[in-house]
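The number in the numbering used here is simply the position in the sequence shown, starting from 1, with 2 added.
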Amino acid sequence: MFYSSKSKTAGQSVSSINPMFYSSKCQIAEQFATEYPGMSLHEHLSQFSLPTPLGEHASPLWSPQQKIDQVQRVIWMLKQHLLIQLHMYIYLIPGKSSEMFSNEENLSSDLHSEISDPDDLKLFTRLCRYFSGNHHLEEIMYYENLRRNQLLTLLEKFRKVLFICQHEDPATVYHTPQL
Numbered sequence: 003m004f005y006s007s008k009s010k011t012a013g014q015s016v017s018s019i020n021p022m023f024y025s026s027k028c029q030i031a032e033q034f035a036t037e038y039p040g041m042s043l044h045e046h047l048s049q050f051s052l053p054t055p056l057g058e059h060a061s062p063l064w065s066p067q068q069k070i071d072q073v074q075r076v077i078w079m080l081k082q083h084l085l086i087q088l089h090m091y092i093y094l095i096p097g098k099s100s101e102m103f104s105n106e107e108n109l110s111s112d113l114h115s116e117i118s119d120p121d122d123l124k125l126f127t128r129l130c131r132y133f134s135g136n137h138h139l140e141e142i143m144y145y146e147n148l149r150r151n152q153l154l155t156l157l158e159k160f161r162k163v164l165f166i167c168q169h170e171d172p173a174t175v176y177h178t179p180q181l
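Rendered as structure tokens:
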């Protein structure tokens, strides 16, 4: 699935239930009930059975305090490793010949016929080093001092040669305790 820059969820932080979580662990549900009286941990976790952005769980009718409370519950679940955050990773799709992608200059000349804005082509060429699936969207934005919309718009223009997927940051996988 490609995330268009116009997409409602494009590039947003997405959370999902940690696949290592066993719902039969009663003590964590009891801790949640103590922290948030009258609330059900399992009910809140069920909202994340499919990966979804946090914003989709808020009602436009909620008060600012209700939104803050929801964020606090999500933070609590993240700290308990009940939820994981999924990030967007970008891969450059090899063309008909691997030589096409052997260096940035060849890539630039091959795509030049399709992309009319030389600044877009120059930025894309500069960012190609991140398109190996080792850097998520937020890292690229940080390292290259780009705004989310600017990066997503560029990715949309070059979608024919890119593959985008979402998964957990490998750096955080190693720090997740067994649940």
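Don't be surprised by glycine CBs; every beta carbon is placed ideally from N, CA and C.
- Item | Whole-number beta carbon distance between I77 and S18, since they are thought to touch under 8 Å | As a working mapping, residue 18 is identified with position 16 in the sequence shown. As a working mapping, residue 77 is identified with position 75 in the sequence shown. About 15 Å; that fails the 8 Å criterion.
- Run through DSSP, which three-state label would Y38 get? Sequence index remark: in the sequence shown, residue 38 carries index 36 (1-based). Y38 carries a coil assignment under DSSP once its states are collapsed to helix, strand and coil.
- F50 - DSSP class collapsed to helix/strand/coil: Reading the sequence shown from its first residue, position 48 is the one you call residue 50. In the structure shown, F50 sits in coil (DSSP, three-state: anything other than H, G, I, E or B).
- Apart from the five residues just before and just after A31, which ones in its own chain have a Cβ nearer than 6 Å to its Cβ? The count along the sequence shown starts at 1 and reaches residue 31 at position 29. Sequence-distant Cβ neighbours of A31 in its own chain, meaning closer than 6 Å and more than five residues away, are L43.
- For the candidate residues P66, L47 and Q67, whose alpha-carbon lies nearest to that of L80? Here residue 80 refers to the residue found at position 78 when the sequence shown is read from its first residue. Residue L47 is the option with its Cα nearest to L80.
- Candidates R75, E141 and Y38: closest to F50 by CA position: Here residue 50 refers to the residue found at position 48 of the sequence shown. Considering only alpha carbons, the answer is R75.
- Query: Would you report the Cα separation of H89 and G40, rounded to the nearest angstrom?
  - Reply: Here residue 89 corresponds to residue number 87 of the sequence shown, with the count starting at 1. Here residue 40 corresponds to residue number 38 of the sequence shown, with the count starting at 1. Their backbone Cα atoms lie some 32 Å apart in a straight line.
- Query: Would you call K159 buried or exposed, if buried means 16 or more other Cβ atoms sit within 10 Å of its Cβ?
  - Reply: As a working mapping, residue 159 is identified with position 157 in the sequence shown. With a 10 Å radius around the Cβ and a threshold of 16 neighbouring Cβ atoms, K159 comes out buried.
- Item | Limits of the unbroken alpha helix (DSSP H) element including Q87 | By 1-based counting over the sequence shown, the position of residue 87 is 85. Per DSSP, Q87 is not a residue of any alpha helix (DSSP H); the beta strand (DSSP E) it occupies stretches across L85 to L94.
- Does the Cβ of L157 have 16 or more other Cβ atoms within 10 Å, making it buried, or fewer, making it exposed? For the purposes of this step, residue 157 is identified with residue 155 of the sequence shown, where counting begins at 1. Buried, by the Cβ-count rule.
- Query: Short check: CB of H137 to CB of D171, under 8 Å?
  - Reply: Here residue 137 refers to the residue found at position 135 of the sequence shown. Here residue 171 refers to the residue found at position 169 of the sequence shown. Not closer than 8 Å, so no.
- Query: N20 by DSSP, collapsed to three states: which one?
  - Reply: By one-based count along the sequence shown, residue 20 stands at place 18. Looking at N20 - three-state DSSP - the assignment turns out to be coil, as it is neither helix nor strand.
- Item | Three-state class that DSSP yields for F165 in the structure shown | For the purposes of this step, residue 165 is identified with residue 163 of the sequence shown, where counting begins at 1. Strand.
- Do you know how far the Cα of V16 is from the Cα of Y91? Counting from 1 along the sequence shown, the entry for residue 91 is found at position 89. Counting from 1 along the sequence shown, the entry for residue 16 is found at position 14. Rounded to whole angstroms, Y91 to V16 spans 13 Å at the Cα level.
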